[in-house]
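Heads up: the sequence shown begins at 188 in the working numbering, then just goes up one per residue.
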Amino acid sequence: MSQISVGIVGTGIYLPKQIMTAKEIAEETKGVWTESAVIEKLGIIQKRVANHEEGSQEMSYLAAVDCLDNTGINPLEIDVVLSITEEWKEYPLTTAALYVIGKINATNAWGIDLQNRCCTSVSALKIAKDMLIADPEINTIMIVGGYHNGDLVDYTDKDMSMMYNLSAGGGAMILKKGYQKNLILGSHIIGDGTLARTAGVEIGGTCNPITKDNVNDAYKSLRLMDAKKMKDRLNEVSFTNWVKCIDESLRKSSLTRNDLDFLAILHIKRSGHQMIMDELKLTKDQTIYLENYGHIGQIDQILSLHLAVQNKQVKQGDNVCMLAAGIGYVWASSIVRWG
């Protein structure tokens, strides 16, 4: 491991006030799912819904403001903004990192947008740490993003039940070189390119542009484009890949599973969450199941850590596993030693 330490100075969150309940999700499925099944199987009591003013870039800016308030960092200290804002945003081909830089007046920073779907925050932790170690002129990085891909979900599509949890919100973290607290340790990422086009927005790109004939379908066309291939492959490799990411990130941190104190994991169905907890021999107090928030994409790990610190579920010296997966398909784990 490098002798240069990189630590998380603090986090920020923005959550819309509007909610969608399990009952409302069930109603949108036209009776295919019941309210109780949405709660018990999919693990959604409620999730957040963005209004028209709460675009992905705007929510990322509001999370950045919260992060600056929580940390006391001057925006002029920020050297780089790594945006993890989703592609479903206010205006295509605008750079979300630069939107945040302009709004918070981080005039000394440059920025770039990163995309690894729901793995982006965990991947960005590794990228930011590597940048801070490699470049002597980079000392402070903000990772920040907004998400409301839930707009694109067709609840009458039975294949899409795994995405009924898609929610809305923003999250931010500030990392500093030489910061001796909340250290980012080892990370491990696995990609499976055989699944690259098994899920995504089917209408609106160059292959299948929006036309007058498909416009009504286009804005609800986040789909499993090859549901059987994707589900068969995930059943074969997903759990194994997640466990490998965890074990490898621990190995790179000179730790073992016995050293793990908290799991900051994205929202998945209830049984899947429990399976990972059982594998790691962790108790329900050592995680936060985001059943009252839904799945805010790559913001989940930031939210989970943010809530855990607030609730004192993460204490001085605790080792936190930030765990993610994203369509494409990608699995990722980063270890953070808190305090």
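Glycine is no exception: its CB is placed at the ideal position from the N, C-alpha and C atoms.
One Cα belongs to I397, the other to E389, and the distance between them is close to 10 Å. DSSP places L269 in the strand class (E or B) of the three-state scheme. For D317, no beta strand (DSSP E) encloses it; the enclosing alpha helix (DSSP H) starts and ends at 307-321. A residue is called buried when at least 16 other Cβ atoms come within 10 angstroms of its Cβ; Y351 meets this threshold and is buried.
In the three-state reduction of the DSSP assignment, Y286 falls in the helix class. Residues of the same chain with a CB within less than 7 Å of the CB of A383, apart from the 5 flanking positions on each side, are G515 in chain order. Taking a C-beta distance under 8 Å as the contact criterion, A451 and M412 do not qualify as a contact pair. With a cut-off of 8 Å on Cβ pairs, the stretch 291-303 is in contact with the stretch 270-279, counting three or more such pairs. Using a 10 angstroms sphere on the CB of I231, the tally of other CB atoms reaches 16 or more, which defines it as buried. The Cβ-Cβ distance between L370 and V252 does not fall below 8 Å. Selection D448, K234, H335 evaluated against E478 yields K234 as nearest (Cα-Cα). Three or more beta-carbon pairs separated by less than 8 Å are not found between the stretch 466-480 and the stretch 316-336, which leaves the two stretches without contact. Taking the Cα of V225 as reference, the smallest distance to any Cα among K217, V236, A237, K210 is reached at K210. In the three-state DSSP reduction, L382 falls in the helix class (H, G or I). By alpha-carbon distance to I212, the top candidate from Q473, A405, D317, G337 is G337.
Following the DSSP letters along the chain, one finds I299 in no alpha helix (DSSP H) but inside the beta strand (DSSP E) bounded by residues 297-300. Under the DSSP definition of a beta bridge, Y334 partners with G356. With respect to G298, Y201 sits apart: the two C-beta atoms are not nearer than 8 Å. Assigned with DSSP and collapsed to three states, C394 falls in coil, not helix or strand. Between A405 and G391, the C-beta spacing is below 8 Å.
The residue among H493, K276, S441, D344 with its C-alpha nearest the C-alpha of N257 is H493. In the DSSP assignment, the residues bridged to Y201 are G357. Of the candidates I328, Q473, T208, D505, D505 places its Cα closest to the Cα of K368.
If you ignore the 5 residues before and after K217, its C-beta comes within less than 7 Å of the C-beta of T343, all in its own chain and listed in chain order. Leaving aside the five residues that flank M207 on each side, the residues in its chain whose CB is nearer than 7 Å to its CB run, in chain order, Q233, K234, V236.
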